[in-house]
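Chemist:
Chains as they are written, first to last, in the numbering used here: chain S, 1 to 116; chain Y, 1001 to 1116.
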């Protein structure tokens, strides 16, 4: 079975400060990992993914994430947060083993509030 | 290239009525996924379909819910005899062919179902 944990319901950060949103996962095999962002009353927008290769993945809007296999983590980071980054962020995982199918398992989400 | 389209965006039904939610995948995408998001929660996988085939319905409730993706036309998620607990946002996602590599899922704007 695959699962994702986002331990923080909300993260508050001042504009211009670094932003980190935490994510840990559990899979039977190797993971495909994703970050999505959701703005109010909107669908999910894809930010970035880890499939294989470099542990540091760069994505949209200045976001990046670091895959850490030993800690089974995939934390989302942005060096300098903007007020417009305020949204709901979801981490998702899919196990690479074929038997897991193609479904994504999402974390519960972390609300980010960037204050001016 | 238009994204994933869902309609209606908002749907209000009374208890016992039927709800039909439609999803048109991105052009060139032949894989469709349905997820449900309850208020203040993450997305939960419901069903994965390819044209004319249900591949994985492990997340679908056993009764009242059905999904199809016909050869022509959009994918339909159908909920019969709706109850208040069905009130949620229903998101559709699509992806390119799978093959031996994984392609990210692109999400539609969602249909927000309210059951009175």
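For every residue, glycine included, the Cβ atom is placed at its ideal position computed from N, Cα and C.
Does any CB atom of chain S fall closer than 9 Å to the CB of residue 1028 of chain Y?
Modeler: no
Chemist: Answer yes if the stretch 1006 to 1026 of chain Y comes into contact with the stretch 1070 to 1088 of chain Y, meaning at least three C-beta pairs across the two stretches below 8 Å, and no otherwise.
Modeler: yes
Chemist: So, at 6 Å on beta carbons, what are the nonlocal neighbours of residue 1048 of chain Y in its own chain, with the 5 sequence-adjacent residues on each side left out?
Modeler: Within the same chain, 1033, 1055 and 1056 come within 6 Å of residue 1048 of chain Y by CB-CB distance, once the 5 residues on both sides are set aside.
Chemist: Rounded to whole angstroms, what's the CA-CA distance from residue 1100 of chain Y to residue 1051 of chain Y? Just pull it up for me.
Modeler: Low confidence applies to residue 1100 of chain Y: its pLDDT is 47, below 50, so where it sits in the model is not reliable, and the reading given next is rough at best. Going by the C-alpha atoms only, they are around 19 Å apart.
Chemist: Going along chain Y, which residues have a C-beta under 7 Å from residue 109 of chain S?
Modeler: Around residue 109 of chain S, the beta-carbon contacts reaching into chain Y at under 7 Å are 1042.
Chemist: When the Cα of residue 50 of chain S is compared with those of S:32, S:39 and S:64, which residue comes out closest?
Modeler: S:32
Chemist: Look at the Cβ atom of residue 3 of chain S, then the Cβ atom of residue 105 of chain S, and state whether they are nearer than 9 Å.
Modeler: Contact flag set, yes.
Chemist: For residue 1010 of chain Y, count the other beta carbons within 10 Å of its own beta carbon; 16 or more makes it buried, fewer makes it exposed. Which is it?
Modeler: exposed
Chemist: Quick check on the DSSP output: the beta strand (DSSP E) that includes residue 19 of chain S runs from which residue to which?
Modeler: Residue 19 of chain S: member of the beta strand (DSSP E) spanning 19 to 21, first to last residue.
Chemist: Let me make sure I understand the geometry here. Which of Y:1037, Y:1093, Y:1020 and Y:1030 has the alpha-carbon closest to that of residue 1064 of chain Y?
Modeler: The shortest C-alpha separation from residue 1064 of chain Y is found at Y:1020.
Chemist: Take residue 113 of chain S as the anchor and find which of S:83, S:102 and S:94 has the nearest alpha-carbon.
Modeler: S:83
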